[in-house]
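Counting the sequence shown from 1 gives a position; the numbering used here is that position plus 225. Yeah, the Cβ is synthetic: ideal placement off N, Cα and C, and Gly gets one too. All remarks here apply to the structure that follows.
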Amino acid sequence: MEFGYTIENFDVNLQREYLIETAQTAEKLGFESLWTVDHIMQANEKGLTIYDETTTSLYNNITEPLTTIAFLAGHTKKIKFGVSTLVLPIRNPILVAKQLSTLDYLTEGRVVMTFGAGWNQKEFGFLGENFEKRGSKLREGLQIIRALWNGKTSFEGQYYQFENVSFKPLRSEISKTPIIVAGTSDFMIKTAIRYGDGLHPAGATGKEIKEILSPYENQLQGREFHLSVHFDVYSDTDLESVVNEYSENGINRIVFDLSRGDIKPENRMEYLEILGDFVRNF
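Structure representation (structure tokens):
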């Protein structure tokens, strides 16, 4: 079992020094990875998120996730970095493949990543993207990233085409970096199985994840399929029980998130230490 931590690259009181301290503390405590959150532009209105009204104000003040992990990688030595979850259809997948392969090259393999289709229709509109096409654009984008990471020089798709291109520098090991898809809908599960190497649900129990994958057992048989989960931690969360349940159901990584629970911002560094003690002793 690997353990990740959601670093708050968003908050009404977002501070550069806090990000650095959190990254360095998580590394010292033995976390495998740190994960940023992805939003680019939010509308100033309530009820925009899938969680509750309070998260809208948090995401109004948010750093761009890939830039943030590049910055924090320079302040750490070995901890890995990812985005939970990178909304691929609002980005050019060729540029994303380049950004991630550059990070992988410069950090010597400290990149992990999950990709999603996105849910915020207004944000798509602000960025000039078609919300209704996000599924097909996600699938094509994943194909492009895999092709480029495997050294292929040509691609012919519905949205993007290139022929006989150079895509370097590229560590050969990046071809082994799992492409993990976030979500639990039938569409996202099928996307993960066909175009990815794993699934990354948010909030589902290990049993629930196992159940939603059960219809696809034959397709998954004999292949390595990574299972990770984004998990919201509360002050009364029984960590041992939660982690054991995930482990028993084949989950490979848990990404802890303190930002959406009842743990106040001023107490999160202290609680990170508590999580770190648990991680070290698990």
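Taking residue 360 as the centre and dropping the five residues before and after it, the same chain places the C-beta of 342, 412 closer than 7 Å to its C-beta, in chain order. In the DSSP annotation of this structure, the continuous segment of the beta strand (DSSP E) that includes residue 230 starts and ends at 227-231.
Residue 446 and residue 309 have their C-alpha atoms roughly 26 Å apart. Of 327, 315, 236, the smallest CA-CA separation from residue 284 is found for 236. C-alpha of residue 267 to C-alpha of residue 490: approximately 21 Å in a straight line.
The beta-carbon separation of residue 319 and residue 369, rounded to 6 Å, stays under the 8 Å limit for a contact. Annotation for residue 373: 322, 392 place their beta carbon closer than 6 Å to its own, counting only its chain and skipping 5 residues before and after. Within the stretch 428-504, the complete beta strand (DSSP E) segments at least 3 residues long are 451-457, 478-482, listed from N- to C-terminus. Secondary structure at residue 381: strand, using DSSP grouped into helix, strand and coil.
Residue 405 and residue 240 have their alpha carbons spaced roughly 29 Å apart. DSSP places residue 423 in the uninterrupted beta strand (DSSP E) bounded by 423-425. From the listed residues 346, 340, 302, the smallest Cα separation to residue 333 is found for 302. In the same chain as residue 472, and ignoring 5 residues on each side of it, the C-beta atoms closer than 7 Å to its own belong to 226, in chain order. Closest in alpha carbon position to residue 364, among 347, 417, 388, is 417. Taking residue 460 as reference, the option from 484, 362, 345 with the minimal CA-CA separation is 484.
In this structure residue 423 is in contact with residue 450, their Cβ atoms being roughly 6 Å apart against a cut-off of 8 Å. With distances taken between CA atoms, residue 286 lies nearest to 265 out of 499, 292, 265.
DSSP places residue 301 in no alpha helix (DSSP H); its state is neither H nor E. Within a 10 Å sphere around the beta-carbon of residue 269 sit fewer than 16 other beta-carbons, which makes this residue exposed.
Judged by DSSP in its simplified three-state form, residue 407 adopts strand. Per DSSP, residue 341 lies in no alpha helix (DSSP H) segment; the continuous beta strand (DSSP E) that holds it begins and ends at 339-341. In terms of CA proximity to residue 469, 432 leads the group 381, 256, 427, 432. Straight-line measurement puts the Cα of residue 251 at about 7 Å from the Cα of residue 497. Ranked by how close their Cα comes to the Cα of residue 388, the residues 377, 396, 395 have 377 in first place.
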